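Following this note's numbering, the numbering of the sequence shown begins with 1 at its first residue and continues without gaps.
Just so you know, even glycine gets a beta-carbon here, dropped at the ideal spot from N, CA and C.
Predicted model, so just to flag it, every value in this text is computed and none were measured.
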Amino acid sequence: MNLKQRDKKHLWHPLKQHQLHPESLAIVKAKGCILKDEDGNEYIDAISSWYTSMYGHCNDYIIEKTYKQMQQLDQIMFSDFTHEPAITLSEELIKILPKGQNKIFFNDNGSTAVEAAIKMALQFHFNSDDKRSVFIAFENGFHGDTFGAMSVSGLSVYNGPFEEFLIDVKRIPTPDGTNTEHILNLLKEYSTQHKIAGFIYEPLVQGAAGMKIHDAKGLNNILSFCKQHQILTIADEVMTGFGKTGRYFASDYIETKPDIICLSKALTAGLIPMAITSCTQDIYDAFLSNDMAKGFFHCHTYSANPIACATAIAGIELLISSEIQQNIKHISKAHTDFELKIKNHPKVKSTRHIGVIFALDLNTKMERYGDLRDKLLKFFMDRGVFLRPLGNTIYIQVPYIISSEELEKIYQVIEEALEIV
Numbered sequence: 001m002n003l004k005q006r007d008k009k010h011l012w013h014p015l016k017q018h019q020l021h022p023e024s025l026a027i028v029k030a031k032g033c034i035l036k037d038e039d040g041n042e043y044i045d046a047i048s049s050w051y052t053s054m055y056g057h058c059n060d061y062i063i064e065k066t067y068k069q070m071q072q073l074d075q076i077m078f079s080d081f082t083h084e085p086a087i088t089l090s091e092e093l094i095k096i097l098p099k100g101q102n103k104i105f106f107n108d109n110g111s112t113a114v115e116a117a118i119k120m121a122l123q124f125h126f127n128s129d130d131k132r133s134v135f136i137a138f139e140n141g142f143h144g145d146t147f148g149a150m151s152v153s154g155l156s157v158y159n160g161p162f163e164e165f166l167i168d169v170k171r172i173p174t175p176d177g178t179n180t181e182h183i184l185n186l187l188k189e190y191s192t193q194h195k196i197a198g199f200i201y202e203p204l205v206q207g208a209a210g211m212k213i214h215d216a217k218g219l220n221n222i223l224s225f226c227k228q229h230q231i232l233t234i235a236d237e238v239m240t241g242f243g244k245t246g247r248y249f250a251s252d253y254i255e256t257k258p259d260i261i262c263l264s265k266a267l268t269a270g271l272i273p274m275a276i277t278s279c280t281q282d283i284y285d286a287f288l289s290n291d292m293a294k295g296f297f298h299c300h301t302y303s304a305n306p307i308a309c310a311t312a313i314a315g316i317e318l319l320i321s322s323e324i325q326q327n328i329k330h331i332s333k334a335h336t337d338f339e340l341k342i343k344n345h346p347k348v349k350s351t352r353h354i355g356v357i358f359a360l361d362l363n364t365k366m367e368r369y370g371d372l373r374d375k376l377l378k379f380f381m382d383r384g385v386f387l388r389p390l391g392n393t394i395y396i397q398v399p400y401i402i403s404s405e406e407l408e409k410i411y412q413v414i415e416e417a418l419e420i421v
């Protein structure tokens with residue numbers, strides 16, 4: 001039996017209807033931007049394996065740093081102990097995080113980073129004798145699949161069966177440059193009628209919604225309103241963080257900085273799972289008390305795993321290097337050129353890009369997991385490119401180390417795909 005056949009015996013894959021799609025492609029090797037399957041076929045990973053492997057798969061520098069740490073200290077519980085990799089990571093991360101962030105709390109994936117942020121916001125107000133229970137979130141946002149993260153997400157395809165169990169959330173549109181006054185009026189209404197604990201948002205780019213980009217000035221006005229009304233602001237930078245928008249973090253484009261930031265995915269360069277929830281000193285101070293119950297009693301067994309911390313440190317070292325920063329600029333320029341070439345195609349409804357993120361909407365209606373989407377996915381894979389459409393949106397989010405030839409092949413395959421839709 002090959003890997004495909006063995007897979008079907010015991011495994012249950014995420015985001016998959018096994019009755020309709022019983023097989024999964026078996027990948028046996030990944031290096032740089034290339035994935036190789038068990039039959040020897042190669043594919044350019046044009047979405048960095050869900051935006052994680054931004055420095056390329058099996059990056060030699062990161063592997064070397066990780067291996068060195070594995071020989072020194074593997075796993076140690078973080079509630080009673082500390083260690084050098086966690087301390088160094090906190091120091092290096094604070095240097096590049098948006099202004100105001102001062103404390104680092106460790107989690108194990110993007111959803112749990114959001115989960116911790118929600119609990120921080122709720123308990124911050126509780127500890128301050130100002131109990132609040134309602135959140136504000138954008139329409140069509142996505143923040144993860146655990147219950148708190150699912151509550152503040154707006155994509156019912158993920159959370160429909162669970163809606164009666166979720167946190168109370170009031171939704172607002174994303175700012176588009178013309179609707180800021182309407183959004184602020186909604187916020188005034190919600191803040192008058194409800195006790196709002198926090199506002200959670202994907203800064204500038206809504207990933208799962210189809211890489212939708214919104215207006216930075218409008219978002220800044222929303223954040224300013226929240227600050228004035230003691231509504232804690234939570235930036236979900238799980239997807240956008242670590243250089244993908246052309247700056248270290250999407251929040252760097254916005255004057256008003258968040259109180260809490262959620263990080264994962266590229267944090268550990270696609271090598272080891274880990275996540276972080278960072279916050280300001282003011283939030284941390286609200287948990288300091290002689291009363292034990294006011295502490296933040298939230299923990300993960302693998303919090304601050306030393307090996308994951310070492311991997312994250314190596315990733316930051318690459319991120320801030322002149323080589324990677326130049327590569328990001330090169331990819332962004334290539335996206336600009338491709339956008340000019342493709343945006344007037346009759347099959348293209350709209351285009352957008354920021355940093356290494358590029359997206360186009362097809363001028364046709366498609367189900368998020370429908371037949372046309374499956375046809376496109378197969379079309380791309382048959383031509384050696386891994387692109388995963390989100391509804392009628394085709395998007396690119398390539399590793400920073402991609403070659404010009406690999407990038408050109410991705411563009412070429414997208415142009416070819418326009419002839420079949």
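- Under the three-state reduction of DSSP output, D39 falls in the coil class, being neither helix nor strand.
- Ranked by Cα distance from V152, the options N59, I200, T178 and I222 are led by I200.
- For F379, the uninterrupted alpha helix (DSSP H) run begins and ends at D371 to D382, by DSSP.
- For D282 and P389, the gap between their C-alpha atoms comes out near 41 Å.
- When the five nearest sequence neighbours on each side are left out, the beta carbons in the same chain lying within less than 7 Å of the beta carbon of H83 are those of L73, I76 and P306, in order along the chain.
- Ranked by Cα distance from L387, the options G243, G40, S48 and N220 are led by S48.
- DSSP links D215 through a beta bridge to no other residue.
- Straight through space, the alpha carbons of E91 and K365 are spaced by roughly 47 Å.
- Exclusion of the five residues before and after I44 leaves C33, I34, G384, V385, F386, E406, K409 and I410 as the residues of its chain whose Cβ lies within less than 7 Å of its Cβ.
- The alpha carbon of H353 has as its nearest neighbour, out of S289, I328 and E181, the alpha carbon of I328.
- At a cut-off of 3 residues, the continuous stretches assigned as beta strand (DSSP E) that sit fully inside the region 98-162 are 101-107 and 134-138.
- DSSP lists no beta-bridge partner residue for S322.
- In the assembly as shown, E164 is an exposed residue. Its beta-carbon has fewer than 16 other beta-carbons within 10 Å.
- Counting along the chain, the unbroken beta strand (DSSP E) around A197 starts and ends at I196 to Y201.
- A straight-line Cα-Cα distance of about 8 Å links I316 and L93.
- Just measuring C-alpha positions, the residue of A197, G144 and D176 sitting nearest F124 is A197.
- Shown here for A304: same chain residues with a beta carbon closer than 6 Å to its own, the five before and five after excluded, namely F78, A86 and F106 in chain order.
- When L418, Y51 and G391 are compared, the shortest CA-CA separation from E367 is found for G391.
- The Cβ atoms of G148 and I167 lie closer than 9 Å to each other.
- By the criterion of a C-beta distance shorter than 6 Å, F358 is surrounded in its chain by H335 and I396, once the five residues flanking it on both sides are discounted.
- Every beta strand (DSSP E) stretch that sits fully inside the region 268-349 and reaches 3 residues is listed by chain position as 275-280.
- S24 has its alpha-carbon roughly 34 Å from the corresponding atom of A250.
- Contact check for I222 against I183 passes: the beta carbons are separated by less than 9 Å.
- Residues of the same chain with a CB within less than 8 Å of the CB of I136, apart from the 5 flanking positions on each side, are V169, K170, R171, I172, L187, Y190, I196, G198, F199, I200, C226 and I231 in chain order.
- Separation of G270 and T52 (C-alpha to C-alpha, rounded to the nearest whole angstrom) is 4 Å.
- In this structure, I324 keeps its C-beta atom at 9 Å or more from the C-beta atom of I402.
- The straight-line gap separating the alpha-carbon atoms of L362 and H214 is approximately 19 Å.
- For the pair of segments examined, the region 55-63 was found to touch the region 259-276: the number of CB pairs separated by less than 8 Å reaches three.
- Boundaries of the alpha helix (DSSP H) harbouring Q412: S404 to A417, taken from the DSSP string.
- Counting along the chain, K31 sits inside the beta strand (DSSP E) bounded by residues I27 to K31.
- Ranked by how close their Cα comes to the Cα of E237, the residues H229, S224, D252 and Q228 have D252 in first place.
- Beyond the five residues adjoining it in sequence on each side, M70 comes within less than 7 Å, by CB distance, of I307 in the same chain, given in chain order.
- Less than 9 Å divides the Cβ of P258 from the Cβ of P203.
- L377 and V413 have their C-alpha atoms some 11 Å from each other.
- Residue pairing by DSSP places K188 opposite no residue, since no beta bridge is assigned to it.
- In this structure, the CA atom of T192 is about 23 Å from the CA atom of G141.
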